[in-house]
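Participant: Which chain is which? The protein sequence lines are A and B, in order. The first sequence runs 1 to 378 under our numbering. The second sequence runs 379 to 756 under our numbering. My structure is below; once you've seen it, I'll send some questions.
There are 2 protein chains.
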Amino acid sequence: MNSGGDQPGTPWDATHITEMCARRAEWLRGEGHSADVVMSSRVRLARNLDGMMFMPKADRAQRERVLERCRAAILESDLAPRMLWVDLHETGKAERLLLVERQLISRSLARGKQPGGAGSKDEPRGVAVGLPDEQFSIMVNEEDHVRIQAMRSGLCLAEAAEHASAIDDQLDRRLGYAFNDRFGYLTACPTNLGTGARFSVMLHLPALKLTSEIDKVKHAAEDMGLAVRGFYGEGSEAFGDFYQISNQVTLGRSESDLLATMQREIVPKVVEYERRARDVMLNSRRRSTEDKVFRGLGLLRAARLLSVEEAMNGLSIVRLGVQLGLVHDVDLEAITRLILRIQNAHLDVTSPGPKNPAARSGARADLVRRTLSATPGE
Amino acid sequence: MNSGGDQPGTPWDATHITEMCARRAEWLRGEGHSADVVMSSRVRLARNLDGMMFMPKADRAQRERVLERCRAAILESDLAPRMLWVDLHETGKAERLLLVERQLISRSLARGKQPGGAGSKDEPRGVAVGLPDEQFSIMVNEEDHVRIQAMRSGLCLAEAAEHASAIDDQLDRRLGYAFNDRFGYLTACPTNLGTGARFSVMLHLPALKLTSEIDKVKHAAEDMGLAVRGFYGEGSEAFGDFYQISNQVTLGRSESDLLATMQREIVPKVVEYERRARDVMLNSRRRSTEDKVFRGLGLLRAARLLSVEEAMNGLSIVRLGVQLGLVHDVDLEAITRLILRIQNAHLDVTSPGPKNPAARSGARADLVRRTLSATPGE
């Protein structure tokens, strides 16, 4: 456990990823404002270095130069008690997948792919992660040169935005961003022009799903220019009734305006809908709600083979059951931790057996069964 | 509890049906030869009274006369320690359904319907049941005037046939059967001509189902002139992987020949196939077998709403689990008792709440959960 990374000032590197993954991720802590519905808040800023070719046009040498400059700027800054720095082009697939599962990097950065599909795993690119809490990460050479993201548990966009902004200021001083008085921050994709900011919240909406009101909420959000995505962002399924809601367009609206609308109007309204649906489930459909909750818990405690999808759906309904006061012998924290630990790469790190789908399915079931059979606190 | 029916010589009547239903049915005792696969054996004899119009042609007065003669003959005979006699045209639907669920009468006798759909619940008809073990019943004015059936747990056709034959002899002396030297016993439907005997076994074939070999076995049985039916006979689904196999044609084969073929050749072969499939499940697919078994048990122990179908399927897989030695904390006897107790009419008798599908679904789940959560022997 003791390694170079433990010396002050020395960054952790890819060799420490598995060590980090044994810990809890801040954004899945399950606490904070409206944490019964809002799992986490996330602010992402898209930035590019002034005077450097943007990613779609940059050749390998230019990308390497961007990576070097960003790595140096990040590691010189005083952003976290300890920094993890990973050169992703020199890192194995398993480690990259771990970072994806912890939502510290995007799938496309893991693959080294640009929008449109160009690129490969050898593309020069990297990520910095603030330790020990993983409250932020900085992706380098994703779609933009720099993508800063700050994460918080619960509904906490303002604090996440402040954090992202503080990181942004430090990096701007060292790197110098491409900025235009008319358009604001310049980005590779025009949808990110302006503030370059995306605000997103991960919501747990099992009651809206079960009462078949989820589509109404999705359409209403989309009408307000918001995107609704699954647990792992763009293109992912809403496993376990976890939904990410985020703004789509950043041009022409101030950052503070966007943030205030999300934090004070839209998200509280969805939270209110979900809570009302939970009340209905508990008071008007108690028997069928208990049936669903205890079937889910029964499945997790019984299965000897479990897919990620089944596990996520089970954990979702049990999380609801705990919050409705129906399930008393399961720890909310255990559920939240399992959400990460059942993912493929996390499972591979923690289980000793062979790494194939059948073995994972067994190891996943064993992990879930043992975790949920133990009395709370064990 | 003390009633006219408890006086020696006085038959029990419809008022005692619920009392009877609190008891175990002999044919679901779960013991006897090859009881790991063969739930029960059943011999049915179709008989008609000489000189009386057969059912399809008989008018109401003639049917009443048949019923009177049969009732008298049955109750005069010394067939069982105590007899239940039920005039079905004077009995409520709930009681008739209870008798169907215990497989003491057919669905068509319960409804008063003849093949083709004629008839009504007012048709004069009845049933005698040998108590306390319910090892036989005698239906009067079903498709034939008299249908004697004797039931045993396990693979036990010979003993059931002897029992049915002994009843048959007693009734023949008192009633005088329609018999023809060329055709044998005369019956309403030509498929029953000759011996008038149907031999059937109820098999539990979960492994053949799960290994997808069940269709092969069904086709092989059908090629040998056997019928394969579900738990509740003709037209019923094979809920819970319980299958009834019986001979189709009785003309031109001696009773003893038919019986020997079923008892010594066909059924043992199916038993052998099922056991081999169970071995494969246990030895070559242990993890996925455990998964199926424990999911089934988990469902039964968790659900707050349960349909008959789900309950039967769950009980089936748990019964397999107990017999494979995977499940240790469930009593085989409890499973076998539940097979009857989860049926609608049995449930209505034992649960106090309202009698509608939703209430039954809840009561069924409660019954199953409590029964299977208790430690064995409780």
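We put the beta carbon where it would ideally sit given N, CA and C, even for glycine. Because the structure is a prediction, the values reported are computed rather than measured.
For A/Gln170, which of helix, strand or coil comes out of DSSP?
Facilitator: Residue numbering aside, residue 170 of chain A sits at position 170 when the first sequence is read from its first letter. Helix at A/Gln170.
Participant: Exposed or buried, what is B/Thr565 when buried is set at 16 or more other beta-carbons lying within 10 Å of its beta-carbon?
Facilitator: Along the second sequence, read from residue 1 onward, the residue named residue 565 of chain B stands at position 187. So B/Thr565 counts as buried.
Participant: Does the separation of the CB atoms of B/Val505 and B/Val518 fall below 8 Å?
Facilitator: Here residue 505 of chain B corresponds to residue number 127 of the second sequence, with the count starting at 1. Here residue 518 of chain B corresponds to residue number 140 of the second sequence, with the count starting at 1. Their beta carbons are under 8 Å apart, which means B/Val505 touches B/Val518 by this criterion.
Participant: Could you check the C-alpha separation between A/Arg229 and A/Met312 for me, to the nearest Å?
Facilitator: As a working mapping, residue 229 of chain A is identified with position 229 in the first sequence. As a working mapping, residue 312 of chain A is identified with position 312 in the first sequence. Roughly 16 Å between the two C-alpha positions.
Participant: Are the CB atoms of A/Pro124 and A/Arg60 within a distance shorter than 8 Å?
Facilitator: Mapped onto the first sequence, residue 60 of chain A falls at position 60. Mapped onto the first sequence, residue 124 of chain A falls at position 124. Yes, they are a contact pair.
Participant: Between A/Ala302 and chain B, is there a C-beta pair that is closer than 8 Å?
Facilitator: For the purposes of this step, residue 302 of chain A is taken as residue 302 along the first sequence, with counting starting at 1. For A/Ala302, the answer is yes, since a Cβ of chain B falls inside 8 Å of its Cβ.
Participant: Which runs of the alpha helix (DSSP H) at least 4 residues long sit entirely within the stretch 115-141 of chain A? Give them in chain order.
Facilitator: The qualifying runs do not exist here; there are none.
Participant: Where does B/Arg697 fall in DSSP's three states?
Facilitator: Counted from its first residue, the second sequence places residue 697 of chain B at position 319. The answer is helix: DSSP assigns B/Arg697 an H, G or I state.
Participant: Along the alpha helix (DSSP H) that carries B/His597, what are the first and last residues, could you check?
Facilitator: Locating residue 597 of chain B in the second sequence gives position 219, where the first residue counts as 1. 592-601 is the span of the alpha helix (DSSP H), which, as asked, contains B/His597.
Participant: For a contact meaning CB atoms closer than 8 Å, what does A/Ser307 contact in chain B?
Facilitator: Counted from its first residue, the first sequence places residue 307 of chain A at position 307. Ordered by position in chain B, no residue passes the 8 Å Cβ test against A/Ser307, which lies about 11 Å from the chain.
Participant: Pick from B/Gly495, B/Leu462, B/Leu553: whose alpha carbon is nearest that of B/Ile483?
Facilitator: Here residue 483 of chain B corresponds to residue number 105 of the second sequence, with the count starting at 1. With distances taken between Cα atoms, B/Ile483 lies closest to B/Leu462.
Participant: Return the residues of the stretch 661-679 of chain B that lie within a Cβ-Cβ distance of less than 7 Å from chain A, sorted by chain order.
Facilitator: Answer in chain order: Arg665, Ser666, Glu668, Asp669, Phe672, Arg673, Leu675, Gly676, Leu677, Arg679.
Participant: Quick one: what's got a C-beta closer than 6 Å to B/Glu512's C-beta in the same chain, skipping five residues either side?
Facilitator: One-based indexing of the second sequence puts residue 512 of chain B at position 134. For B/Glu512, where only same-chain residues beyond five positions count, the Cβ hits under 6 Å are Ala403, Glu404.
Participant: Does DSSP put B/Tyr610 in a helix, a strand or coil?
Facilitator: By one-based count along the second sequence, residue 610 of chain B stands at place 232. If DSSP states are grouped into helix, strand and coil, B/Tyr610 belongs with coil.
Participant: Do three or more CB pairs link the stretch 45-57 of chain A to the stretch 182-196 of chain A at distances below 8 Å?
Facilitator: Judged by Cβ distances under 8 Å, the stretch 45-57 of chain A makes contact with the stretch 182-196 of chain A, as three or more pairs qualify.
Participant: If I'm right that A/His33 touches A/Leu203 with Cβ under 8 Å, what's the distance once you round it to whole angstroms?
Facilitator: Counted from its first residue, the first sequence places residue 33 of chain A at position 33. Counted from its first residue, the first sequence places residue 203 of chain A at position 203. That pair is no contact at about 13 Å.
Participant: Let me see if you follow: with CB-CB separation under 8 Å, is B/Gly618 close to chain A or not?
Facilitator: The residue given as residue 618 of chain B occupies position 240 in the second sequence. So no, B/Gly618 is outside the interface.
Participant: Taking just the CA atoms, how far does A/Met262 sit from A/Ser246?
Facilitator: Translated into the one-based positions of the first sequence, residue 246 of chain A becomes position 246. Translated into the one-based positions of the first sequence, residue 262 of chain A becomes position 262. Roughly 8 Å between the two C-alpha positions.
Participant: Answer yes or no: do B/Arg682 and A/Phe294 have a C-beta to C-beta separation smaller than 8 Å?
Facilitator: Within the second sequence, the letter at position 304 stands for residue 682 of chain B. Within the first sequence, the letter at position 294 stands for residue 294 of chain A. A contact, by the Cβ cut-off of 8 Å.
Participant: Fully enclosed by the stretch 603-686 of chain B, which alpha helix (DSSP H) runs are 4 residues long or longer?
Facilitator: Listed in chain order, the complete alpha helix (DSSP H) runs (minimum 4 residues) inside the stretch 603-686 of chain B are 633-638, 645-661, 664-680.
Participant: I'd like the list of long-range same chain contacts for A/Asp180, defined as Cβ closer than 7 Å, with 5 residues on each side in sequence excluded.
Facilitator: Position 180 of the first sequence holds residue 180 of chain A. It is worth fixing the name first, because residue 180 of chain A is Asn in this sequence and not Asp. Only Leu186 meet the Cβ criterion.
Participant: Rounded to the nearest angstrom, what separates B/Asp657 and B/Thr589 at their Cα positions?
Facilitator: The residue given as residue 657 of chain B occupies position 279 in the second sequence. The residue given as residue 589 of chain B occupies position 211 in the second sequence. About 11 Å.
Participant: Assuming B/Ala458 contacts B/Leu509 under a Cβ cut-off of 8 Å, what Cβ separation, rounded to an integer in Å, is found between them?
Facilitator: On the second sequence, position 80 is the one that residue 458 of chain B refers to. On the second sequence, position 131 is the one that residue 509 of chain B refers to. Rounded, the Cβ-Cβ distance is 6 Å, consistent with contact.
Participant: Classify B/Val416 as helix, strand or coil using the three-state DSSP reduction.
Facilitator: Taking the first residue of the second sequence as 1, we reach residue 416 of chain B at position 38. Looking at B/Val416 - three-state DSSP - the assignment turns out to be strand.
Participant: Which residues, taken in chain order from the stretch 702-726 of chain B, show a beta carbon closer than 8 Å to some beta carbon of chain A?
Facilitator: Within the stretch 702-726 of chain B, no residue qualifies.
Participant: Which partner residues does B/Asp376 have in the DSSP bridge list?
Facilitator: The structure shown has nothing for residue 376 of chain B, since chain B only spans 379 to 756.
Participant: B/Gly692 versus chain A: which residues are under 9 Å apart at the beta carbon?
Facilitator: The residue you call residue 692 of chain B lines up with position 314 of the second sequence. Within 9 Å Cβ-Cβ: nothing; B/Gly692 doesn't reach chain A, min ~11 Å.
Participant: Check distances from the C-beta atoms of the stretch 488-513 of chain B to those of chain A and list, in chain order, the residues that come in under 9 Å.
Facilitator: Hits within the stretch: zero.
Participant: Here's the rule: buried if 16 or more other CB atoms are within 10 angstroms of the residue's CB, otherwise exposed. What is A/Asn192?
Facilitator: Within the first sequence, numbered from 1, the residue matching residue 192 of chain A stands at position 192. So A/Asn192 ends up on the buried side.
Participant: Which residues in the same chain have their Cβ closer than 8 Å to the Cβ of A/Leu324, if we skip the five residues on either side of it in sequence?
Facilitator: On the first sequence, residue 324 of chain A is found 324 positions in, with the first residue counted as 1. Arg278, Met281, Leu282, Thr289, Val293, listed in sequence order.
Participant: Could you check if B/Ala392 is buried or exposed, using at least 16 other CB atoms within 10 Å of its CB as the buried criterion?
Facilitator: On the second sequence, residue 392 of chain B is found 14 positions in, with the first residue counted as 1. Buried: at least 16 other Cβ atoms inside 10 Å.
Participant: Compare the C-beta of B/Gly740 with all C-beta atoms of chain A and state if any pair is closer than 8 Å.
Facilitator: Sequence index remark: in the second sequence, residue 740 of chain B carries index 362 (1-based). Answer yes: the Cβ-Cβ gap between B/Gly740 and chain A drops below 8 Å somewhere.
Participant: Can you tell which of A/Ile214, A/Ala358, A/Thr350 has its C-alpha closest to the C-alpha of A/Leu338?
Facilitator: For the purposes of this step, residue 338 of chain A is identified with residue 338 of the first sequence, where counting begins at 1. Taking only the C-alpha atoms, the option nearest A/Leu338 is A/Thr350.
Participant: Return helix, strand or coil for A/Ser373, following the three-state DSSP convention.
Facilitator: What you label residue 373 of chain A is simply residue 373 of the first sequence in a count that begins at 1. Helix, per DSSP.
Participant: Got a sec? Which residues, its chain only, sit under 6 Å from B/Gly382 by beta carbon, not counting five neighbours each side?
Facilitator: In the second sequence, the residue the question calls residue 382 of chain B occupies position 4. Bear in mind that the predicted position of B/Gly382 carries a pLDDT of just 38, short of 50, making it too unreliable to give a figure here.
Participant: So what does DSSP say about B/Met529, is it helix, strand or coil?
Facilitator: If you number the second sequence from 1, residue 529 of chain B lands on position 151. B/Met529: strand per DSSP, three-state reduction.
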